[in-house]
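Which chain is which? The protein sequence lines are A and B, in order.
Numbering follows my numbering, in which position 264 of the first sequence is assigned residue number 264; successive positions increment by one, without gaps.
Count along the second sequence starting at 1, add 1000, and that's the number in my numbering.
Scroll down for the structure; my scribbles are underneath it.
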Amino acid sequence: MEVTMALFITKRLLMALATVLVVAVLAFLLVHAMPGSPGAVSLGAGASQEAIDEVNQRLGWNDPLPAQFITWLGSAVQGDLGVSLIDGRSVSTDLASRLPVTASLAAGATILSAVLGIALGVTAAVRGGVLDQAIGGFVGLLVALPAFWVGVIFVYLFAVQSSIFPATGYVPFDVSPQGWALSLALPVITLAVGGAAFIARQTRASMLEALQQEHIRTLRATATPTWKILYVHALRYASLPIVAGIALQFIGLFGGSVIAEQLFAMPGLGQAVQTSVSTHDAPAVQGVVVIATVVVVAVNLVLELATKFLDPKLRAS
Amino acid sequence: MIPTVSPAPADADQAGSTTAAGASVPGGGKAAPTRLSRHRLLSSPGAVAGLLWLAVVVTASLTAPLWLPFKTEDQDFTAVLSGPTAAHWLGTDELGRDILSRIFAAAAGTLGTSMITVIVGVGLGTVLAMAAAGAGGRTEAVINRITEIMMSLPGTVIILAVIGAVGTNIPMVMAILGILMSAGIYRVILGQAKSLQSQLYVDAAKVDGVGPLGISVRHVLPGLANTIVVQAALIFAVGMLIQAGLAFIGFGPPIPQPSWGGMIQGASQHVYDAPWMMVPTGAVLALTVLSANAIGNALGKAPNAAAPHLPSAAARRQRARAVAAIAAAAPAPGDGAPGDAPKGTLSVRSLSVGVGNAGTGNGVRLVTDVSFDVEQGTVLGLVGESGCGKTMTALSLLGLLPSGVSVTGGQILWNGKNLAAATDKEMEGIRGRDIALISQEPMRALDPMFTVGYQLTATIRRLRGLGKAEARKEALALLEKVGIVDAPRILKTYPHQISGGMAQRVAIALALSGQPKLLVADEPTTALDVTVQAEILSLLRALVKDTGMSVVMVTHDLGVVADICDQVAVMYAGQVVENGKTQAILDNPRHPYTLALLAADPHANHGDAMPERLATIQGQVPQPKDWPSGCRFAARCQFAGSACTEPVPLLASGTGDGLVRCVKADQLAVEGMDWMATDVAAARLLPVTPVSPTNTTIVEKDLA
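Structure follows, in structure tokens:
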């Protein structure tokens, strides 16, 4: 069992590595397809062709593509993602300072979505009847509401009408934990609206499926109290797809934070990708894509291990 | 937010199979292919409203130049940032442009480009799924790997990088979004495509020399139609949201061309001074997304979702009211002297079970007027074909009828107490402690997520009030009692790690853990190998002898009846047609149905040599809605006559205390008729007056 587990993890790690590599190649090619050479981008309009050529030469832009990729990969592995063409800052340093913002946002929104979603989904499945229909309708509405629209409405309600929360900006945790929490509140709630709806649906469906299993009847036939059937046995059975749904939500929110970061002026990865795409800052775009992929792949890996731990069938094999 | 680039769980019923990232759902996730159904679409008010709304938006948008009051770029500086007015029904933006005009001018582009995502995503996903399902093996593994990688990409970030490379070329971006989303669609469709590929008619077509492409297009694709349309509707909605999201962050169509996302972005700049502007565009976008989702959900709804074994709170309240009605209607007979009835006896009196609730009486009947008695320490067999109401009768004894099915009349007297009128709380006191259940599929009866030890000790602690250590000791003792030799090891296993026979022994141990007086066994040996069947039966026989409990044994196997039952009640189409002592009934069956069952049993032919041709019973058990008012077996009976159209009472059969429900029972007994194998039966048929059109056709078929 120890050996098979080690083998499983090794296989999954290799798979994850392959994914990151594929994305790295993809990002590299995309960046090369961007209009404008690095020299032209970094020197801006009005630069002489000689100056542009000189910069391109220095950055290795004219080398064969495979060689360029190997060079990039070589430094990327050592944590060096190059420098921004716009302001000359290290991409790695910049992204490192942005990662906590997006991570807090995505983690906060995921936790809030999970709590609300599981509560709504379980209630709908367990209570049934009118309440189920009401929750179903509510959740259907939440799914259809664009998050950016919801976000603006929240700003209007909580920051404009009553200034409970700051409308924009981000306060780092080490500056002021309370300010950090307040600055995260609106973006996190905004992102959690759709996430909670998604998880609520997943939870309701999984709970209903669990309750259709025959062993539920055995539990009733042995006088198991209803609360225990629902919250120990059925919820345990439903936990696998729910956990998968939560992980998927985290992945989605991690990427989806672009809009929340733009809306609430949060200096995160999403904002970085938005600006660097607008300014054709190739190394920055490439860096963000790779970092985001690493995070997503890591979450998937954790999900798979969690699934393996949660499912006795997988755990044993 | 740009939503997750993977299909959202469409709808409750579908979501189970739309589960994310390869997490396996134990036992679940087999998506039965459903045909595209216009009925499902039109029977959902939401979907109809959605279709109407989409039709309105598309029509309004395509005809926009003809009726729009303003051009999209017309600026009315007298009405900047105005709310709804007579001139501008939905108000104006910061440049005095008419919002209504801009919304509908933008609609065609938004809907059209979202369709690109749908066509690319669903098309690619379907083609990949059909290829993988058709080729299987390596091809499937490779496609699985590729889609796995695609699904673990940060979709939004990649889309933005693509925008960096190709610019805001929206059709192109939406097509690439479609490619990214195809992986999720592939996952949803693959399971169904595989199940379609494994259908017998596909094998037959292969034998006929139909090529893989022909198979996919002619036999697999039609079966996928519904899923494809469902996915298309949901992807359409996601596509619109993503496109609007991109426009919102500035990657929309070039200014001044209007787009929904861009208009919301513009409005968000004025949330301080003109909050109204947020409303129209947001509402139109949300309604359109809602419409697409409603259509997808209506089509994606599984037509016959299984009923939960634990009904929802709402359903339980409803049932409690029904039970109260029954209790009020029927005065409990034991009320006068509860001590009257001897301990451990069960008397079922005129029990009726039906779909719907007691009192209403207009639902479908499943069991009607069933009566039988079980003395302490005896075994009663409920025999009959599938669909005769045996299991429903058995489950009603524990108050464990499926959701939507309930006792509609009669009494279940357990020690004089009417269980049909007992509340769920009262039943909880009876279940496990007085009356226990073992079911047909032992593997499915045990909780796959917990060890045998946990399930057994928790039950023992609950039912017997023992401490942890004592419960464990008792669990070991019980496992040994049911014939498990390495009990300590079995305690540590999960249900999937043991064999079916072993699991049934565990299930029996679980049922015994409350020291019940009555065991309800619903076909406990049907799912097991023949040798294991015999072991389980002898175990049950020994348990009855040792513990003095009684058993209600549901079975369709007369061998089981002969082996273990003291009494038999033969059920047909929701009625008891004959009951009495096992020996009497097997030796001297009085009802044609019993006769037919015996004649059709290769092991029960009076010790004679095996007949050359085994008898069969033509036709099928009628559906409850087709039950005639007369004898329900008449349509399939070799001896049916005109008298059989009248309702038949259950009368003394003349052998012992047996009862039989057949008007011709005496005549048949005198004439000593046998149920014949059908090809010779024609000559032996009694003069038959057709009792119903169905009967005629069956008789004619028999003669042919």
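Virtual Cβ for every residue (Gly too), placed ideally from N, Cα, C.
Keep in mind the model is a prediction, meaning the values are calculated, not measured.
| query | result |
| --- | --- |
| Below 7 Å on C-beta distance, what does residue 1156 of chain B contact in chain A? | 255, 256 and 258 |
| Taking 7 Å as the cut-off, decide whether the C-beta atoms of residue 1452 of chain B and residue 1506 of chain B are in contact. | yes |
| Count the other C-beta atoms from every protein chain shown that fall within 10 angstroms of the C-beta of residue 62 of chain A, then say buried if there are 16 or more, exposed otherwise. | exposed |
| Mind reading off the beta-carbon distance from residue 1554 of chain B to residue 1535 of chain B? Whole number of angstroms is fine, and I expect it under 8 Å. | The pair is not a contact, with the Cβ atoms about 19 Å apart (cut-off 8 Å). |
| Within 7 Å (strictly less), CB to CB, does residue 1236 of chain B reach chain A? | no |
| Can you confirm whether residue 1227 of chain B, when its beta carbon is compared against all beta carbons of chain A, has any partner nearer than 7 Å? | no |
| So what's residue 254 of chain A in DSSP terms, helix, strand or just coil? | helix |
| Rounded to the nearest angstrom, what separates residue 20 of chain A and residue 183 of chain A at their Cα positions? | 32 Å |
| Taking all protein chains shown into account, do 16 or more other C-beta atoms lie within 10 angstroms of the C-beta of residue 1077 of chain B, making it buried, or fewer, making it exposed? | exposed |
| Which residues, taken in chain order from the segment 1288–1317 of chain B, show a beta carbon closer than 9 Å to some beta carbon of chain A? | 1288, 1289, 1290, 1291, 1292, 1293, 1294, 1297, 1305, 1306, 1307, 1308, 1309, 1310, 1311, 1312, 1313, 1314, 1315, 1316 and 1317 |
| With a cut-off of 7 Å, does the C-beta of residue 1140 of chain B fall near any C-beta of chain A? | no |
| Rounded to the nearest angstrom, what separates residue 1055 of chain B and residue 14 of chain A at their Cα positions? | 49 Å |
| Against chain A, does residue 1270 of chain B count as a neighbour if the rule is that its beta carbon must be under 7 Å from one of theirs? | no |
| Identify each residue in the segment 1439–1453 of chain B for which the Cβ-Cβ distance to at least one residue of chain D is less than 7 Å, and report them in chain order. | Looking for chain D here will not work: the only protein chains present are A and B. |
| Does DSSP classify residue 268 of chain A as helix, strand or coil? | coil |
| Sort B:1640, B:1441 and B:1118 by Cα distance to residue 1500 of chain B and report the nearest one. | B:1441 |
| With distances taken Cα to Cα, identify the nearest neighbour of residue 1382 of chain B among B:1204, B:1154 and B:1579. | B:1579 |
| Within the continuous beta strand (DSSP E) that includes residue 1413 of chain B, where are the two ends? | 1405–1414 |
| From the DSSP output, in three-state form, read off residue 1578 of chain B for me. | strand |
| Helix, strand or coil for residue 1111 of chain B? Go by DSSP, reduced to three states. | helix |
| Should residue 1282 of chain B be flagged as near chain A, meaning a C-beta pair shorter than 7 Å? | yes |
| Does the Cβ-Cβ distance between residue 1134 of chain B and residue 1178 of chain B come in under 7 Å? | no |
| State the Cα-Cα distance for the pair residue 253 of chain A and residue 1115 of chain B, rounded to the nearest angstrom. | 24 Å |
| Could you check which residue in A:28, A:34 and A:151 has the C-alpha nearest to that of residue 1169 of chain B? | A:34 |
| Tell me residue 1522 of chain B's beta-bridge partners as DSSP assigns them. | B:1554 |
| For chain B, is any of its Cβ atoms less than 7 Å away from the one on residue 118 of chain A? | no |
| Residue range of the alpha helix (DSSP H) that residue 1236 of chain B falls in? | 1221–1248 |
| So residue 1428 of chain B contacts chain A; which residues on that side make the cut at Cβ distance below 7 Å? | 223 |
| Measuring only the C-alpha atoms, how far is residue 115 of chain A from residue 1234 of chain B? | 25 Å |
| Tell me, to the nearest whole angstrom, how far the beta carbon of residue 1139 of chain B is from that of residue 1181 of chain B; I am working on the premise that it is less than 8 Å. | Actually they do not touch by this definition, with Cβ atoms about 21 Å apart. |
| Is the beta carbon of residue 125 of chain A closer than 7 Å to that of residue 208 of chain A? | yes |
| Residues of the segment 144–158 of chain A in Cβ contact with chain B at a cutoff of 7 Å, in chain order, please. | 144, 145, 146, 147, 148, 149, 152, 153, 155 and 156 |
| In chain order, which alpha helix (DSSP H) runs of at least 4 residues are fully inside the segment 163–229 of chain A? | 177–211 and 214–221 |
| List, in chain order, every chain A residue whose beta-carbon is nearer than 7 Å to that of residue 1524 of chain B. | Within chain A, no residue comes near residue 1524 of chain B; the closest Cβ sits about 13 Å away, beyond 7 Å. |
| Please report the residue range of the alpha helix (DSSP H) in which residue 1197 of chain B lies. | 1170–1197 |
| Which residues, taken in chain order from the segment 1153–1179 of chain B, show a beta carbon closer than 8 Å to some beta carbon of chain A? | 1153, 1154, 1155, 1156, 1157, 1158, 1160, 1161, 1162, 1163, 1164, 1165, 1166 and 1167 |
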